[in-house]
Structure formats: structure tokens, C-alpha cells
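Trainee:
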Amino acid sequence: MDGLHQALTLAAVALITALIAGGIPIVRGVKDERRQKMMTGIAAGVLLASALLVAIPEGFATTMASVDMGSTLSMGGAILAGFVLMLLLEALGFGHDIHEEHHDHEGEHGHDHVHHPSNPTSVVFGLSVHALTDGLAMGAALATGELSIAIAVAMGVIAHKIPAAFSLGVFSMHERGDASKSWKDLILFSFATPLMIILAYYAFGDVSEYNIGLAMLFAGGTFLYVATVDVLPDIHHMETGKKALVHVLIGVMLMVFLLLILDMSSLASHDHSAHIH
Numbered sequence: 037m038d039g040l041h042q043a044l045t046l047a048a049v050a051l052i053t054a055l056i057a058g059g060i061p062i063v064r065g066v067k068d069e070r071r072q073k074m075m076t077g078i079a080a081g082v083l084l085a086s087a088l089l090v091a092i093p094e095g096f097a098t099t100m101a102s103v104d105m106g107s108t109l110s111m112g113g114a115i116l117a118g119f120v121l122m123l124l125l126e127a128l129g130f131g132h133d134i135h136e137e138h139h140d141h142e143g144e145h146g147h148d149h150v151h152h153p154s155n156p157t158s159v160v161f162g163l164s165v166h167a168l169t170d171g172l173a174m175g176a177a178l179a180t181g182e183l184s185i186a187i188a189v190a191m192g193v194i195a196h197k198i199p200a201a202f203s204l205g206v207f208s209m210h211e212r213g214d215a216s217k218s219w220k221d222l223i224l225f226s227f228a229t230p231l232m233i234i235l236a237y238y239a240f241g242d243v244s245e246y247n248i249g250l251a252m253l254f255a256g257g258t259f260l261y262v263a264t265v266d267v268l269p270d271i272h273h274m275e276t277g278k279k280a281l282v283h284v285l286i287g288v289m290l291m292v293f294l295l296l297i298l299d300m301s302s303l304a305s306h307d308h309s310a311h312i313h
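Basically my numbering = 1-based index in the sequence shown + 36.
See below:
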């Protein structure tokens, strides 16, 4: 399978996954908060492991293999930039963390840690921007020329996309009260990642390994932010902290298991000297 087919396949998987996961609460009105928290915690663990075991190490390796080798400051700066961008979007009201937005825990914990967004459109926009960074990560991973890296990064992205899309479906139906409007929200979100995968595939075709590595590191920074913020509200409470920790550890172990399988397969070539183009 050549690079374009790989990009199209990953784009299709990301699109179908988001539409199915987000469509369930729109069509069936399903809202299972406990299961939602479990999915979010496991996905956070997968995304965290994807960042620390794949995106960041491979980003450093790809950058260091380049003839245009830069400073560790620029490489660390790329990770920081990804993290800070997500933080900035959250501060401006374009956050991605909506799985608890309309649940009041004041009675349970003695205080209200939930913030309810005043504009549903800003939430959809914020989620879609996050989805674009996911596509950038997958495109950069494909550009390394190593299918094992692309699969590992895709695993993290898609695992996170399932609860994110599901939460969007629940949130949009709650706020809009109209299935057709909710489908429009979901379609906007669902197409963001596939579109960026394709754009990144072509954009990285003429880009140096150094810049591809920086893109991977940037994506790793966004992964770190999303993975930690997704579970921090639950981790900070005694009633939910232990379960949240278990869910994250399950996600981490799932990713480690996948990486071990990839390492034992013929997919793991680890040759940083060639692009997919």
C-alpha cells in the first residue's frame, strides 16, 4: 500500500469512527455518563502513551536524523507550542472537554467544578480545531515513511475521537434540541481530521525531515494536553479518582500491547531516512 492509499485509509477510518460514535446519541438519544467517563479515561491513557512512547520520541528521532539538525530548544519548543495552543483555545472558550459540561456536581462534592459554555458553536469549533491537530499528527506520522508509527499515532487519535464524538453528539442534542443541527455539528467535527490528514500528506511531501519531526513534536504536545485535561476533573475527586486512574492505566497498557505487536511485526522498520513520497 503506497502513501496516498495509507492516508486515504486512515482518513476514512477517522471519518467513519467519528460519525458512528457521534451519531449514536443523536439517533438513539443515548446518554450513559458512566460509560462515557470510562471511554474518556481509556482513550486518555492511549493518547498519553501515544504521545510519550511514539509521537515525542519519534519526533526527536526524525528531527535529529535531519541534516538541518536544530537545537533541543526548538524541539522542546515545538512540544510546548502544541500544549500552549490547546491551553490558549481552552482559555478563549474553544475547549474540547465537554463530557461533563452539563452535569452539576455541586451536590456531590460541595463545589461546582463544571463550566457550562454559553455558545454551543464555540464548542463545536473548538473540537474541530482539536480534530485538525489530530489530522496533522497523523499526516506527520505518515510522512516519516514508517507505517508502524502512523498506526500507533492513529490508534491514539481514533481512541480519543470515539468519546469526543460521542460527547459532541450528547452535548449538541442537549443544547440544540434538533437532530438536523446536531448532525451538522457532528459532520463539521468528523471531517476535520480526514481533511487535515490529506492536506498534511501533500504538504509534508516537500518538507524536510527536520520540519516533519517538529510537526510530530507539536502533535505530541497537543496529545499531552488533551490526555491530561480529559481526566483531571475526575482524578481530583476521591469518589472518581481511583476509577479514572484504572481507566487511564488500561489505556496505557492497550497502547503498550499494540506497540509490542508492531515491534514484533514487519511493519516496524524504524528507518528515518526516507519519506513516503
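From the three backbone atoms N, C-alpha and C, an ideal C-beta is built for every residue, glycine too.
Of the choices Gly77, Ser216, Phe227 and Leu294, whose alpha-carbon is the least far from that of Val63?
Mentor: Selected option, being the one with the closest Cα: Ser216.
Trainee: Note down, one range per segment and in chain order, each alpha helix (DSSP H) of at least 4 residues found wholly within the region 92 to 127.
Mentor: DSSP runs (the alpha helix (DSSP H)) wholly in the region 92 to 127: 92 to 100 and 108 to 127.
Trainee: Using only the alpha-carbon positions, how far apart do Ala176 and Gly277 sit?
Mentor: Cα to Cα, the separation comes out at about 34 Å.
Trainee: Can you look up Ser301 in the DSSP assignment and give me helix, strand or coil?
Mentor: In this structure, Ser301 counts as coil in the three-state DSSP scheme.
Trainee: Kindly indicate which three-state DSSP category His152 falls into: helix, strand or coil?
Mentor: Residue placement at His152 is poorly supported in this model, since its pLDDT is 47, which falls under 50; the coordinates still yield a value, given next. In this structure, His152 counts as coil in the three-state DSSP scheme.
Trainee: In angstroms with no decimal places, state the Cα-to-Cα distance between Met291 and Asp170.
Mentor: Each residue's Cα considered, the two are about 17 Å apart.
Trainee: Which residues in the same chain as Met75 place their Cβ atom closer than 8 Å to its Cβ, once the five residues preceding and following it in sequence are excluded?
Mentor: Same-chain partners within the cutoff: Ile198, Pro199 and Phe202.
Trainee: Would Ser164 pass as a contact of Ala228 if the rule is Cβ separation under 8 Å?
Mentor: Their beta carbons are under 8 Å apart, which means Ser164 touches Ala228 by this criterion.
Trainee: To the nearest whole angstrom, what separates the beta carbons of Ile248 and Ala179, a pair I think is in contact under 8 Å?
Mentor: Contact flag correct, Cβ pair sits at about 5 Å.
Trainee: Does the distance from the CB of Gly77 to the CB of Gly205 come in under 8 Å?
Mentor: Cβ distance not < 8 Å, so Gly77 and Gly205 don't count as in contact.
Trainee: Along the chain, where does the alpha helix (DSSP H) containing Val90 start, and where does it finish?
Mentor: Neither: Val90 is in no alpha helix (DSSP H) and is coded neither H nor E.
Trainee: Thinking just about the alpha-carbon of each residue, which of Gly181, His166, Val284 and His273 is nearest to the one in Ser244?
Mentor: Answer by Cα proximity: Gly181.
Trainee: Are there three or more Cβ pairs, one per stretch, closer than 8 Å when the region 219 to 235 is compared with the region 109 to 126?
Mentor: No contact exists between the region 219 to 235 and the region 109 to 126.
Trainee: Please classify His273: is it buried, with 16 or more other beta-carbons within 10 angstroms of its beta-carbon, or exposed?
Mentor: His273 should be labelled exposed.
Trainee: If you run the structure through DSSP and keep just helix, strand and coil, what is Phe225?
Mentor: Helix, per DSSP.
Trainee: If you draw a straight line from the C-alpha of Leu40 to the C-alpha of Ala190, how long is it?
Mentor: Their backbone Cα atoms lie some 15 Å apart in a straight line.
Trainee: Which two residues bound the contiguous alpha helix (DSSP H) that contains His196?
Mentor: Counting along the chain, the alpha helix (DSSP H) containing His196 begins and ends at Leu183 to Arg212.
Trainee: By the three-class DSSP mapping on this structure, what secondary structure does His139 have?
Mentor: Because His139 carries a pLDDT of 42, less than 50, the predicted location of this residue cannot be relied on, and no value is offered for it.
Trainee: Within the continuous alpha helix (DSSP H) that includes Gly257, where are the two ends?
Mentor: Glu245 to Ile271 is the span of the alpha helix (DSSP H), which, as asked, contains Gly257.
Trainee: Between His196, Ile187, Leu128 and Pro269, which lies nearest to Leu294 when the distance is taken from Cα to Cα?
Mentor: For the residues His196, Ile187, Leu128 and Pro269, the minimum Cα distance to Leu294 belongs to Ile187.
Trainee: Can you tell me which of the three DSSP states Gly129 falls into?
Mentor: Coil at Gly129, not helix or strand.
Trainee: Return helix, strand or coil for Thr276, following the three-state DSSP convention.
Mentor: The answer is helix: DSSP assigns Thr276 an H, G or I state.
Trainee: With 16 other CB atoms within 10 Å as the buried threshold, where does Gly81 fall?
Mentor: So Gly81 counts as buried.
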